[in-house]
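Throughout the sequence shown, residue numbering follows my numbering, covering 1 to 289 in sequence.
Virtual Cβ for every residue (Gly too), placed ideally from N, Cα, C.
Keep in mind it's a predicted model, so treat the numbers as computed, not measured.
Everything on this sheet refers to the single structure shown next.
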Amino acid sequence: MTHPFIQAFFDEPTNTISYLVGDPGSRTAAVIDPVLDFDMASGVADTRSAKRIVAFARDHDWHIAMVLETHAHADHLSAAPYIKARTGAWTGIGAHIRDVQKIFRPVFAMDDLRTDGSDFDRLFDDGDRFLIGELEVEVLHVPGHTPADVAYVIGDAALVGDTLFMPDYGTARADFPGGDARTLYRSIRRLLALPDATRLFLCHDYKAPGRDDYRWETTVGEQRRSSVHVHDGVSEDEFVAMREQRDAGLSVPKLLLPSIQVNIRAGYFEQAEANGVTYLRIPVKWKED
Ligand SMILES: [Fe+2]
């Protein structure tokens with residue numbers, strides 16, 4: 001079983017983990033889920049987190065050949081355009097991003113948004129395979145959190161995006177438009193059918209109650225034995241009831257509106273206005289009495 005090199009980069013403001021996954025033989029690497037730093041209050045965007053990944057690659061002799069997204073994130077903006085511009089990497093995401101684009105295009109009245117996924121260089125279907133150098137990647141379509149989530153299975157590792165979190169914390173929410181708890185359960189059971197020793201790398205960590213450090217690596221076996229939401233023996237109906245009840249009490253992610261409108265465009269902002277300034281859209285909804 002191949003054992004890819006995996007370096008994690010944790011972004012505390014958004015609790016996101018980006019990864020550099022490398023083939024030690026060819027020194028070729030993929031960057032997965034890179035974060036663009038964005039301060040909503042001031043509108044300031046900043047590439048320092050992405051620069052850190054590019055600098056790490058340069059310092060350790062990794063050639064970044066691709067930027068992969070596990071889904072259109074709702075809690076951070078993607079830095080894929082910056083990494084693509086700096087390295088020439090191609091970008092990829094699950095083919096169901098087209099569904100997500102169709103859901104949100106009218107929400108933001110983004111009349112210029114193409115909903116055929118062509119802002120990304122490659123779209124992956126379930127079971128697709130491609131190479132990072134000599135390392136084979138298998139794509140699993142794991143919807144539920146969103147319709148377009150994919151996991152990347154690479155040798156003895158799987159980058160699972162927003163499906164599973166650490167066993168003491170549980171699973172991703174399933175209440176975004178196009179999300180579905182029952183679908184998420186089925187996707188997770190698929191991931192948990194991988195060999196027990198498979199290393200799972202997560203997209204987020206929020207520190208479970210009683211834990212004082214961030215963690216993002218676990219295994220299939222650990223999840224099956226001890227996940228608070230989906231250990232072996234939890235039925236689909238039990239999971240759905242728990243997930244829906246929990247989601248009803250969750251607040252909206254701070255960067256939801258900017259993240260979605262930028263990430264469904266592969267991380268690109270809308271074209272600047274005539275004054276050279278780029279703007280984001282916030283649909284205003286009046287609270288009902
Ligand atoms: Fe997400």
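| Asked | Found |
| --- | --- |
| Top-ranked residue by Cα proximity to L184, from S235, G210, D75, A157 | S235 |
| Exposure of M166, with buried meaning 16 or more beta-carbon neighbours within 10 Å | buried |
| Sequence-distant residues of the same chain with beta carbon closer than 7 Å to H229, five excluded per side | G170, T171, F239, M242 |
| Test item: CB-CB of A80 and T91 under 8 Å | yes |
| Nearest candidate by alpha-carbon position, reference K285, set L257, N275, Y268 | L257 |
| Helix, strand or coil at A151 according to DSSP, with G and I counted as helix | strand |
| heavy atom of ligand 2 below 7 Å from D162 C-beta | With respect to ligand 2, the structure offers nothing, as its ligand set consists of ligand 1. |
| Whole beta strand (DSSP E) elements within the stretch 81-141, 3-residue minimum | 90-94, 122-124, 129-132, 135-141 |
| Buried/exposed call for L250, threshold 16 Cβ in 10 Å | exposed |
| Beta-carbon proximity check, A8 vs P253, cutoff 8 Å | no |
| Distance between D59 and H145 (C-alpha atoms, nearest Å) | 35 Å |
| Buried or exposed by the 16-neighbour rule on C-beta atoms within 10 Å, applied to Y206 | exposed |
| Same chain, Cβ closer than 6 Å to A148, neighbours up to 5 away in sequence not counted | H71, G94, H96, I97, V100 |
| Outcome for F82 when other beta-carbon atoms lying within 10 angstroms are tallied against a minimum of 16 | Reading off the sequence, residue 82 comes out as Tyr, not Phe. It counts as buried. |
| Residue span of the beta strand (DSSP E) that contains D23, given as start and end | 16-23 |
| Inter-residue spacing [alpha-carbon to alpha-carbon] between R225 and D232 | 6 Å |
| Cβ-based neighbour list, A41, same chain, cut-off 7 Å, excluding 5 preceding and 5 following | none |
| Any non-hydrogen atom of ligand 1 closer than 7 Å to H73 Cβ | yes |
| Paired residues, beta bridge with R158 - DSSP | One detail in the question is off: residue 158 reads as Ala in this sequence, not Arg. According to DSSP, which records beta bridges pairwise, A158 is partnered with V153, L200. |
| C-beta atoms of L113 and L77 nearer than 8 Å | no |
| Closer than 7 Å: H145 CB and nearest ligand 1 heavy atom | yes |
| Cα-Cα separation between S118 and G210, rounded to whole angstroms | 44 Å |
| H204, buried or exposed, once every other Cβ within 10 Å from all chains shown has been counted against 16 | buried |
| Cα-Cα separation between F104 and F10, rounded to whole angstroms | 28 Å |
| Residue range of the unbroken alpha helix (DSSP H) whose run includes M242 | 236-248 |
| Nearest residue (CA-CA) to T219, options F201, N263, F120 | F201 |
| Contact set for K84: own chain, Cβ-Cβ below 7 Å, skip 5 residues either direction | V67, T91 |
| Member of G88, G179, L135, M1 whose CA lies at the smallest distance from the CA of V54 | G88 |
| Alpha-carbon spacing of I188 relative to V160, whole angstroms | 9 Å |
| Outcome for V107 when other beta-carbon atoms lying within 10 angstroms are tallied against a minimum of 16 | exposed |
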